[in-house]
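Just add 6 to wherever you are in the sequence shown, counting from 1, and you've got the working numbering. For each residue, glycine too, the CB sits at the ideal point set by N, CA and C. Just below is one structure, and these are the notes that go with it.
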Amino acid sequence: MEASSAWRDVPRERRARFAARALEQIPALAQDILAEIRREYPGLVFIADDSGEPKALVAIRHALELFVEQMATGSSRPSALPEIFRDFGRGEVAHGRSLDSLQGIYRLGVRLSWRRMAEIGQQAEIPSSAMYELAESAFEYLDVIVAQSVRGYAEAVARQAGERLRLQRLLVDLLLAEHRSDPSAFLADRAADVGWRLPEKVAVAVLLRPAEETVAPAVGDEVLLDMEGERPRLVVPDPDAPGRTELLHRAVAGWSGALGPSVPVAEAAASLRWADAAVGMIERGLLPRGRLLHCAEHVEALVLLPAGVLIDDLARRRLAQLDESGGPAHAHRLAETLLAWLETRGGAPEVAARLGVHPQTVRYRLRQLRELWGDDLDDPDRRFELELVLRARRLRGELAPPPG
Numbered sequence: 007m008e009a010s011s012a013w014r015d016v017p018r019e020r021r022a023r024f025a026a027r028a029l030e031q032i033p034a035l036a037q038d039i040l041a042e043i044r045r046e047y048p049g050l051v052f053i054a055d056d057s058g059e060p061k062a063l064v065a066i067r068h069a070l071e072l073f074v075e076q077m078a079t080g081s082s083r084p085s086a087l088p089e090i091f092r093d094f095g096r097g098e099v100a101h102g103r104s105l106d107s108l109q110g111i112y113r114l115g116v117r118l119s120w121r122r123m124a125e126i127g128q129q130a131e132i133p134s135s136a137m138y139e140l141a142e143s144a145f146e147y148l149d150v151i152v153a154q155s156v157r158g159y160a161e162a163v164a165r166q167a168g169e170r171l172r173l174q175r176l177l178v179d180l181l182l183a184e185h186r187s188d189p190s191a192f193l194a195d196r197a198a199d200v201g202w203r204l205p206e207k208v209a210v211a212v213l214l215r216p217a218e219e220t221v222a223p224a225v226g227d228e229v230l231l232d233m234e235g236e237r238p239r240l241v242v243p244d245p246d247a248p249g250r251t252e253l254l255h256r257a258v259a260g261w262s263g264a265l266g267p268s269v270p271v272a273e274a275a276a277s278l279r280w281a282d283a284a285v286g287m288i289e290r291g292l293l294p295r296g297r298l299l300h301c302a303e304h305v306e307a308l309v310l311l312p313a314g315v316l317i318d319d320l321a322r323r324r325l326a327q328l329d330e331s332g333g334p335a336h337a338h339r340l341a342e343t344l345l346a347w348l349e350t351r352g353g354a355p356e357v358a359a360r361l362g363v364h365p366q367t368v369r370y371r372l373r374q375l376r377e378l379w380g381d382d383l384d385d386p387d388r389r390f391e392l393e394l395v396l397r398a399r400r401l402r403g404e405l406a407p408p409p410g
């Protein structure tokens with residue numbers, strides 16, 4: 007059953023008389039509304055259509071005509087609107103404004119329109135109850151207009167965000183490419199396209215997704231984020247600035263990844279290489295998961311572990327003496343003692359404290375090491391090579407980690 011309506015109870019001929027008078031006055035009313043908008047919002051620019059009329063004036067006139075025509079037929083909720091109101095919403099994005107001023111303009115238009123409609127209602131002898139209902143419909147109509155503009159605004163924001171994302175990915179690709187000459191000039195242009203200040207130094211982070219549906223880290227506009235690949239990448243400007251590290255770690259909490267070294271912006275590809283290498287080690291279980299690692303804190307692993315074949319070849323030549331030391335277990339203890347001595351260059355007490363054994367035990371082992379390697383232990387180059395291969399073994403978990 008259709009709800010009762012004071013407006014629909016008005017005789018048809020009286021509604022028709024109201025509509026006819028209102029339609030006659032709409033052109034002048036539209037002009038008055040536009041003039042008031044110009045007074046209230048003097049900074050607004052009004053774009054003309056092909057005929058030279060301001061598009062805003064055309065929209066006001068059409069909206070008023072549509073409202074009056076639909077009310078004349080007894081419809082209480084006019085909804086069809088010209089596409090131009092969606093264009094107005096898009097225009098606010100293009101001019102860098104919010105929808106606040108546009109909604110204010112719409113409310114101003116409804117207020118002025120209602121004054122004129124009330125006068126016409128009196129002339130057409132429309133009952134007060136019907137005019138109240140008409141006023142309610144007018145504000146519902148305002149909601150429809152606003153919704154139309156909001157939709158246009160949202161569409162424009164989405165397109166703008168998509169375009170910025172495309173330009174940002176292009177900038178990231180350019181930053182991380184290998185450059186044979188100074189790229190500063192064209193990088194500055196591309197950075198300006200996305201409103202990014204080109205810094206002197208950057209660090210590049212590479213992340214491992216915790217899950218496919220994981221939300222992108224909230225790194226803020228200063229950090230360039232590329233989520234397209236299997237391994238998301240971040241370009242962090244001025245990585246040594248106060249507070250930058252803490253902000254970055256909070257943003258990527260729950261992610262695994264690595265942050266490359268700080269480098270001049272033209273050498274960002276070098277930072278990416280180290281971050282990629284570290285993430286590869288995280289995937290192989292050679293570096294810990296669950297946080298953002300700093301490559302600068304894992305230099306030993308990043309330098310030694312990728313050189314596995316070379317290190318193994320050097321180890322075969324420099325640690326061959328361990329095969330003559332009396333079994334795998336004893337060889338393992340001698341290797342740990344040798345590494346502790348090479349790192350401390352101390353006497354038996356210092357090495358014993360490092361290993362957690364008795365100094366007399368260390369003295370016995372040091373005599374054995376001297377018998378096995380002889381003068382090589384006094385040669386700086388040989389000592390360096392021995393320490394290198396033994397540190398690599400410790401990184402692989404084959405020797406006990408250092409204390410502390």
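Practice problem: Look at the Cβ atom of S155, then the Cβ atom of F91, and state whether they are nearer than 7 angstroms. | Solution: Numbered from its first residue, the sequence shown carries residue 155 at position 149. Numbered from its first residue, the sequence shown carries residue 91 at position 85. Against a cut-off of 7 angstroms, the Cβ pair of F91 and S155 comes out as a contact.
Exercise. Give the C-beta separation of L173 and V200 to the nearest angstrom, bearing in mind that I take them to be a contact with Cβ-Cβ under 8 angstroms.
Key: Position 167 of the sequence shown holds residue 173. Position 194 of the sequence shown holds residue 200. Contact flag correct, Cβ pair sits at about 5 angstroms.
Exercise. Alpha carbon to alpha carbon, how far is A302 from R371? Give it in angstroms, no decimals.
Key: Looking up residue 371 in the sequence shown gives position 365. Looking up residue 302 in the sequence shown gives position 296. Going by the C-alpha atoms only, they are around 35 angstroms apart.
Quiz item: Under a three-way DSSP split, which group does H255 fall into?
Solution: Sequence index remark: in the sequence shown, residue 255 carries index 249 (1-based). Here H255 carries a helix assignment [DSSP, helix/strand/coil].
Quiz item: Which residues in the same chain have their Cβ closer than 6 angstroms to the Cβ of S277, if we skip the five residues on either side of it in sequence?
Solution: Position 271 of the sequence shown, counted from the start, is the residue given in the question as residue 277. Same-chain partners within the cutoff: A209, V210, G266, P267, V269.
Quiz prompt | Inter-stretch contact at 8 angstroms, needing at least 3 Cβ pairs: the segment 254 to 266 / the segment 281 to 289 | solution = yes
Quiz prompt | Rounded C-alpha distance that separates R297 from G260 | solution = Walking along the sequence shown from the start, residue 297 turns up at place 291. Walking along the sequence shown from the start, residue 260 turns up at place 254. Each residue's alpha carbon lies about 7 angstroms from the other.
Quiz item: Going by DSSP, which residues form a beta bridge with H300?
Solution: On the sequence shown, position 294 is the one that residue 300 refers to. Its beta-bridge partners are L265.
Practice problem: Write down every uninterrupted run of the alpha helix (DSSP H) in the segment 82 to 123 whose length is 4 residues or greater and which is fully enclosed by it, in chain order. | Solution: 90 to 100
Practice problem: Might you give, ordered along the chain, the residues of its own chain that have their beta carbon closer than 6 angstroms to the beta carbon of E8, omitting 5 neighbours on each side? | Solution: By one-based count along the sequence shown, residue 8 stands at place 2. Below a pLDDT of 50, predicted positions are generally treated as unreliable, and E8, at 48, falls in that range; no measurement from the model is reported.
Quiz item: Can you find at least 3 beta carbon pairs, one from the segment 16 to 28 and one from the segment 130 to 149, that sit closer than 8 angstroms?
Solution: yes
Exercise. Answer yes or no: do L375 and L396 have a C-beta to C-beta separation smaller than 7 angstroms?
Key: Position 369 of the sequence shown, counted from the first residue, corresponds to residue 375. Position 390 of the sequence shown, counted from the first residue, corresponds to residue 396. No.
Quiz item: Among P408, A354, L328, which has the Cα closest to the Cα of E377?
Solution: The sequence position of residue 377 within the sequence shown is 371, counting from 1. Here the closest residue by C-alpha is L328.
Quiz item: Is any heavy atom of the ligand GDP found at a distance shorter than 6 angstroms from the C-beta of A398?
Solution: With respect to small molecules bound, the structure shown includes none, and the ligand GDP cannot be examined in it.
Self-check item: Same chain only: Cβ atoms within 6 angstroms of E184, ignoring 5 sequence neighbours per side
Solution: In the sequence shown, the residue the question calls residue 184 occupies position 178. Cβ within range, chain order: A275.
Quiz item: DSSP on P270, reduced to helix/strand/coil?
Solution: As a working note, residue 270 is residue 264 in the sequence shown. Residue state, collapsed to three classes: strand.
Quiz item: Using CA coordinates, which residue listed in I126, D106, S119, I53 is at the minimum distance from R27?
Solution: Numbered from 1 along the sequence shown, position 21 holds the residue referred to as residue 27. Among I126, D106, S119, I53, the Cα nearest to that of R27 belongs to I126.
Self-check item: Neighbourhood of R369 by C-beta, 7 angstroms cutoff - its chain only, sequence neighbours within 5 removed
Solution: Numbered from its first residue, the sequence shown carries residue 369 at position 363. So the qualifying residues of the chain are A354.
Quiz item: With respect to the alpha helix (DSSP H) encompassing R371, which residues constitute its N-terminal and C-terminal limits?
Solution: Position 365 of the sequence shown, counting from 1, holds the residue named residue 371. Taken as a continuous stretch (DSSP letters only), the alpha helix (DSSP H) holding R371 covers 365 to 379.
Practice problem: Would you kindly work out how many angstroms separate the C-alpha atoms of G286 and A153, rounded to a whole number? | Solution: Within the sequence shown, numbered from 1, the residue matching residue 286 stands at position 280. Within the sequence shown, numbered from 1, the residue matching residue 153 stands at position 147. Cα-Cα distance, rounded: 50 angstroms.
Quiz prompt | Meets three-Cβ-pair contact criterion under 8 angstroms: the segment 309 to 325 and the segment 389 to 403 | solution = With a cut-off of 8 angstroms, the segment 389 to 403 and the segment 309 to 325 count as touching, because enough Cβ pairs lie within range.
Quiz item: In terms of alpha-carbon separation, which member of R256, P216, L213 lies closest to G226?
Solution: On the sequence shown, residue 226 is found 220 positions in, with the first residue counted as 1. Closest option to G226, Cα to Cα, is R256.
Quiz item: How big is the Cα-Cα spacing for L231 and A198?
Solution: Working through the sequence shown from its first residue, we reach residue 231 at position 225. Working through the sequence shown from its first residue, we reach residue 198 at position 192. The alpha-carbon separation between L231 and A198 amounts to approximately 16 angstroms.
Quiz item: Ends of the alpha helix (DSSP H) at R239?
Solution: Position 233 of the sequence shown, counted from the start, is the residue given in the question as residue 239. Here R239 belongs to no alpha helix (DSSP H); instead the beta strand (DSSP E) covers 239 to 243.
Practice problem: Compare the Cα-Cα distances from A69 to each of G235, I32, D382, D38 and report the closest residue. | Solution: Against the sequence shown, residue 69 aligns to sequence position 63. Comparing Cα-Cα distances from A69 to each of G235, I32, D382, D38, the minimum goes to I32.
Quiz item: Where do the ends of the beta strand (DSSP E) carrying V210 lie?
Solution: Indexing the sequence shown from 1 puts residue 210 at position 204. Its beta strand (DSSP E) spans residues 207 to 214.
Quiz prompt | Distance, E342 Cα to P407 Cα | solution = By one-based count along the sequence shown, residue 407 stands at place 401. By one-based count along the sequence shown, residue 342 stands at place 336. Taking the straight line from one Cα to the other gives about 10 angstroms.
Self-check item: Identity of the residue in A144, A272, G333 nearest D179 by Cα
Solution: For the purposes of this step, residue 179 is taken as residue 173 along the sequence shown, with counting starting at 1. Ranking A144, A272, G333 by Cα distance to D179 puts A272 first.
Quiz prompt | Through-space distance from Y147 to R203, alpha-carbon basis | solution = Walking along the sequence shown from the start, residue 203 turns up at place 197. Walking along the sequence shown from the start, residue 147 turns up at place 141. In a straight line, the C-alpha of R203 is about 45 angstroms away from that of Y147.
Practice problem: Counting only the same chain and skipping the five closest in sequence on each side, list residues whose C-beta sits under 6 angstroms from that of H300. | Solution: Locating residue 300 in the sequence shown gives position 294, where the first residue counts as 1. Only L265 meet the Cβ criterion.
Quiz item: Going by DSSP, which residues form a beta bridge with D232?
Solution: Taking the first residue of the sequence shown as 1, we reach residue 232 at position 226. In the DSSP output, where bridge partners are listed per residue, D232 has R239.
Quiz item: Who are A54's beta bridge partners in DSSP?
Solution: Residue mapping note: residue 54 aligns to position 48 of the sequence shown, counting from 1. According to DSSP, which records beta bridges pairwise, A54 is partnered with P60.
Exercise. Can you say whether F145 is buried or exposed, counting buried as having 16 or more other CB atoms within 10 angstroms of its CB?
Key: On the sequence shown, residue 145 is found 139 positions in, with the first residue counted as 1. That one is exposed.
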